[in-house]
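Chains as they are written, first to last, in the working numbering: chain A, 1216 to 1486; chain B, 39 to 301.
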Amino acid sequence: MDQSTSLTAVALSDVAITFGPKGNGYTAVSNIDLTVRAGEFVAIVGPTGSGKSTILNAAAGLLRPSAGQVSIFGAGLQGLNGRAGYLFQQDALMPWKTALDNVAVALESKNVSRREALSRAREWLARVGLAAFVDRYPHMLSGGQRKRVALAQMLIRDPEILLMDEPFGPLDAQTRQIMGNLLLSLWAADRKAVLFVTHDLEEAIALADRVVLMSAGPAARIIGDFPVLLPRPRDIAEVRLEPAFHHIHKEIWASLRVEVQKAYGLGEMAQ
Amino acid sequence: MTRVKLLILQVGVGLALLLAWHVLTVYPVFGPTKQVQFFFATPLAVLERSWSLFASGEIWGHLWITLLETILAFLIGSAGGIVFGFMFARNDLLAAVFDPYIKAANALPRVVLAPIFALWFGLGIWSKVALGFTLVFFIVFFNVYQGVREVSPVVLSNARMLGMNERQLLRHVYWPSALTWVFSSLHTSVGFALVGAVVGEYLGSSAGLGYKIHEAESVFDVTGVFAGMLILSIFVILIDVLVTMIENRFLVWRPQSSATART
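Next up, the structure:
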């Protein structure tokens, strides 16, 4: 355990990302130094437009940083990050495949026989509580159920790093809690490195070992890094009632509030 | 509105039109019935003629020829449209270079090609297939092009993150997405394949429904023309039902709205 936690799964050093033409583009994030150790659950929190997802996409290899270095387990990242799984905020399932096929197809690139892929997909769908829904197409599932399928699709490949971009954002409050607990229980089984983006500070504290705070954009930076020393296993609903939770929440919110106000202030001026 | 009620109303409209046609042509409302019947025929005579065409077995051969031309035009046109649609959608340079030519070719009224095709491919079925091809090809081509271009970027990113290579992306993402668009244009493209076949036959052939209609027209046999049109309509409706069945089978994964809105 000690050895694995000392390994650095994701390291961003002095990363900047600019969209548009060189010298005249929009700089989303700059001077980002961030590390996620193996087995560590890190949440990134920040106001709207602070480039949280941009950082995630850089770690996934979906975006190439304009400056700086991304390394995965010590090796510089070239192209897509093959050791990571990505859970998108929007629906990313293939609408023309059933839940079962959506999960099974994730093993396509791993040289697994079709038969075995299907049986493992069934197992994973059962694990996320969808054993009775394997033959449904995505449009026949609720938003929460689609997220479960996406979760199974990501986890069946056994990635070493999990990247999540406000995955539970579009869901209602109860479903979010259920999904949060599901995620924690799956994660507890074999702790992967997690980079979890959210705008919900309470969700971040309830889930993570560390909360990283972003400033308002443009050229957003990391302005805080707070360890969350709440005991595990946690229950998302109950952990919010603990005094320690309130203490951390108060501490981070003091910084986050300033940035949220900045984000809104800039928005008003722009109008 | 219940199904039965709707059906009664639909049949009612048809009967009312037939009745009006019958009354106006059998009784001297607009003048001598002989003259009116020469121009408009009568519904009973048209039905009788259609029936005798089937009863004598004369029409089956013509129907088969038209069906064969339609199917060939549809299959070859779709195959061409799919191949070129994919190529152009995945290669921006190709699409940009050929853009004006494709637009020009698509803007051309196909009827003017019929004599040229007759010259090139003879008066048999292949000149009709060629005419149908020029209609079907562009419909399928544009739909596949659109389908491949408009794959959801999130679905695509997700598939990439699942480790899919180009071939797997083609099979699991681009192809099904393009196929959706092909199927959504299935009614149109099958219809145009039939138009190509019938128009081709009409302009020069020795068999097929278009030929039968043209033959009747050339001797001012209005009853024969209407009988040909009636048979053609029934033929089209049957093909359309078949297409709807195929479509429902292939697009089961789609939300209900699109499937029911069409039928």
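All C-beta atoms, glycine included, are put in the ideal place defined by N, C-alpha and C.
Exercise for review: In the DSSP assignment, find the unbroken alpha helix (DSSP H) run with A143(B) in it and report its ends.
Suggested key: Indexing the second sequence from 1 puts residue 143(B) at position 105. Counted as a single uninterrupted DSSP element, the alpha helix (DSSP H) harbouring A143(B) occupies residues 130–145.
Tell me the residue span of the beta strand (DSSP E) that contains V1257(A). To locate residue 1257(A), count along the first sequence from 1; it is residue 42. It spans 1256–1260 - the beta strand (DSSP E) in which V1257(A) sits, taken as one unbroken run.
Item to complete: Quick one: which unbroken alpha helix (DSSP H) runs of 4-plus residues sit fully inside the segment 183–265 of chain B? Chain order, please.
Response: Counting only runs of 4 or more, we get 191–199, 204–207, 213–222, 224–241, 247–256.
For this session: Would you mind sorting Q73(B) into buried or exposed? The rule is 16 or more other CB atoms within 10 Å of its CB.
Result: On the second sequence, residue 73(B) is found 35 positions in, with the first residue counted as 1. Classification for Q73(B): exposed.
CB contact below 9 Å: W219(B) versus chain A:
Here residue 219(B) is taken as the residue at index 181 of the second sequence, counted from 1. Not closer than 9 Å to any Cβ of chain A, the Cβ of W219(B) fails to qualify, so no.
**Asked** Using a Cβ-Cβ distance under 9 Å, would M1487(A) count as near chain B?
**Response** The displayed coordinates of chain A run from 1216 to 1486. Any statement about residue 1487(A) would go beyond what the structure contains.
Taking just the CA atoms, how far does N203(B) sit from R1298(A)? Residue mapping note: residue 1298(A) aligns to position 83 of the first sequence, counting from 1. Residue mapping note: residue 203(B) aligns to position 165 of the second sequence, counting from 1. One C-alpha to the other measures close to 15 Å.
_Does chain B have any CB closer than 9 Å to the CB of N1296(A)?_
Indexing the first sequence from 1 puts residue 1296(A) at position 81. Yes, because at least one Cβ of chain B sits closer than 9 Å to the Cβ of N1296(A).
Quiz item: Is the beta carbon of V1285(A) within less than 8 Å of some heavy atom of the ligand SAH?
Solution: Of ligands this structure carries none, so the ligand SAH is not represented either.
### Query
Which residues mark the beginning and the end of the beta strand (DSSP E) in which T1250(A) is found?
To locate residue 1250(A), count along the first sequence from 1; it is residue 35. T1250(A): member of the beta strand (DSSP E) spanning 1241–1252, first to last residue.
key: First and last residue of the uninterrupted alpha helix (DSSP H) at S1334(A)   = Within the first sequence, residue 1334(A) is the residue found at index 119, counting from 1. For S1334(A), the enclosing alpha helix (DSSP H) has its first and last residue at 1329–1342.
task = Note down, in chain order, every chain A residue with its Cβ under 8 Å from the Cβ of N203(B).
result = Against the second sequence, residue 203(B) aligns to sequence position 165. Neighbours of N203(B) on chain A, chain order: S1324.
query: Sorted by chain position, which residues of the same chain lie with C-beta nearer than 7 Å to I1463(A)'s C-beta, five sequence neighbours on each side aside?
result: Position 248 of the first sequence, counted from the first residue, corresponds to residue 1463(A). Residues I1420, F1441, V1443 of the same chain have their beta carbon placed closer than 7 Å to that of I1463(A), with the five preceding and five following residues left out of the count.
Q.
Is the beta carbon of E1418(A) closer than 9 Å to that of A1258(A)?
A. Working through the first sequence from its first residue, we reach residue 1258(A) at position 43. Working through the first sequence from its first residue, we reach residue 1418(A) at position 203. Inclusion of A1258(A) and E1418(A) in the CB contact set at 9 Å is warranted, their separation being smaller than that value.
- [ ] Kindly confirm or deny that the segment 1367–1381 of chain A and the segment 1321–1331 of chain A touch, where touching means at least three C-beta pairs closer than 8 Å.
- [x] Because the criterion of three Cβ pairs below 8 Å is met, the segment 1367–1381 of chain A and the segment 1321–1331 of chain A touch.
Practice problem: Please report the Cβ distance between A235(B) and T108(B), rounded to the nearest whole angstrom; I am assuming they are in contact, meaning their Cβ atoms lie under 8 Å. | Solution: Here residue 235(B) refers to the residue found at position 197 when the second sequence is read from its first residue. Here residue 108(B) refers to the residue found at position 70 when the second sequence is read from its first residue. Yes, they are in contact, since the Cβ atoms of A235(B) and T108(B) sit about 5 Å apart, within 8 Å.
- Query: Near W59(B), which residues of its chain fall below 6 Å by C-beta distance, leaving aside the five closest residues on each side in sequence?
  - Reply: Within the second sequence, the letter at position 21 stands for residue 59(B). Correct list, in chain order: P81.
Q) What residues in the segment 1406–1437 of chain A bring their beta carbon closer than 8 Å to a beta carbon of chain B? A) Flagged: no residues at all.
Residue burial classification, I154(B) (beta-carbon count within 10 angstroms, cutoff 16):
Here the question's residue 154(B) lines up with position 116 in the second sequence. Taking all protein chains in view, the Cβ of I154(B) is surrounded by fewer than 16 other Cβ atoms within 10 Å, so the residue is classified as exposed.
Exercise. Short check: CB of A143(B) to CB of F122(B), under 9 Å?
Worked result: On the second sequence, position 105 is the one that residue 143(B) refers to. On the second sequence, position 84 is the one that residue 122(B) refers to. A143(B) places its beta carbon 9 Å or farther from that of F122(B).
Point to revise | Where the alpha helix (DSSP H) through M1394(A) begins and ends | key: If you number the first sequence from 1, residue 1394(A) lands on position 179. Boundaries of the alpha helix (DSSP H) around M1394(A): 1388–1404.
Taking only beta-carbon positions, decide if A127(B) is within less than 9 Å of chain A. One-based indexing of the second sequence puts residue 127(B) at position 89. So no, A127(B) is outside the interface.
Buried or exposed: which applies to D1229(A), given that a residue is buried once 16 or more other Cβ atoms fall within 10 Å of its Cβ? As a first step, residue 1229(A) must be located in the first sequence, where it is residue number 14. Exposed, since its Cβ has fewer than 16 Cβ neighbours within 10 Å.
Go ahead and label R1361(A) buried or exposed: buried means 16 or more other beta carbons lie within 10 angstroms of its beta carbon, across all protein chains shown.
For the purposes of this step, residue 1361(A) is taken as the residue at position 146 of the first sequence. Buried: at least 16 other Cβ atoms inside 10 Å.
Using a Cβ cut-off of 7 Å, pull out every chain A residue sitting near S94(B), in sequence order please.
-> Your numbering for residue 94(B) matches position 56 in the second sequence. The contact set of S94(B) on chain A, defined by CB atoms closer than 7 Å, is empty, because the minimum CB distance reaches about 48 Å.
Problem - Partner residues on chain A for H225(B), Cβ-Cβ distance less than 8 Å - result: Position 187 of the second sequence, counted from the start, is the residue given in the question as residue 225(B). Neighbours of H225(B) in chain A, taken as residues at a C-beta separation under 8 Å, are lacking, since the least C-beta distance is about 20 Å.
field: T1413(A) (DSSP reduced to helix, strand or coil)
entry: If you number the first sequence from 1, residue 1413(A) lands on position 198. Note: T1413(A) maps to strand in three-state DSSP.
- Query: Beta-carbon separation of R1252(A) and L1278(A) under 9 Å?
  - Reply: The count along the first sequence starts at 1 and reaches residue 1252(A) at position 37. The count along the first sequence starts at 1 and reaches residue 1278(A) at position 63. Not a contact, by the Cβ cut-off of 9 Å.
State the Cα-Cα distance for the pair A231(B) and P1280(A), rounded to the nearest angstrom.
Position 193 of the second sequence, counting from 1, holds the residue named residue 231(B). Position 65 of the first sequence, counting from 1, holds the residue named residue 1280(A). The straight-line gap from Cα to Cα measures roughly 51 Å.
Checklist entry - Cβ of L1249(A) within 9 Å of Cβ of D1380(A)? => result The residue you call residue 1249(A) lines up with position 34 of the first sequence. The residue you call residue 1380(A) lines up with position 165 of the first sequence. Their beta carbons are not under 9 Å apart, which means L1249(A) does not touch D1380(A) by this criterion.
Report task. Going by DSSP, name the residue or residues bridged to T1233(A). Result -> Counted from its first residue, the first sequence places residue 1233(A) at position 18. According to DSSP, which records beta bridges pairwise, T1233(A) is partnered with T1242(A).
Per DSSP, the bridge partner or partners of T71(B): Residue 71(B) sits at position 33 when you count from the first residue of the second sequence. DSSP lists no beta-bridge partner residue for T71(B).
query: Are the C-beta atoms of A1365(A) and some chain B residue less than 9 Å apart?
result: Counted from its first residue, the first sequence places residue 1365(A) at position 150. Yes, A1365(A) lies at the interface with chain B (some Cβ there is under 9 Å from its Cβ).
Give me the Cβ distance between A1314(A) and V1260(A), rounded to the nearest whole Å; I'm assuming they're in contact under 8 Å.
-> Position 99 of the first sequence, counted from the start, is the residue given in the question as residue 1314(A). Position 45 of the first sequence, counted from the start, is the residue given in the question as residue 1260(A). Contact doesn't hold; Cβ gap of about 31 Å is too wide.
Q.
Suppose only complete runs of 4+ residues qualify. What are the alpha helix (DSSP H) ranges in the segment 1415–1462 of chain A, listed by chain order?
A. For the segment 1415–1462 of chain A, whole alpha helix (DSSP H) runs of length 4 or above, ordered along the chain, are 1416–1422, 1451–1454.
Using the three-state DSSP reduction, which class does Y1194(A) fall into: helix, strand or coil? A question about residue 1194(A) goes unanswered here, because the residues of chain A that appear run from 1216 up to 1486.
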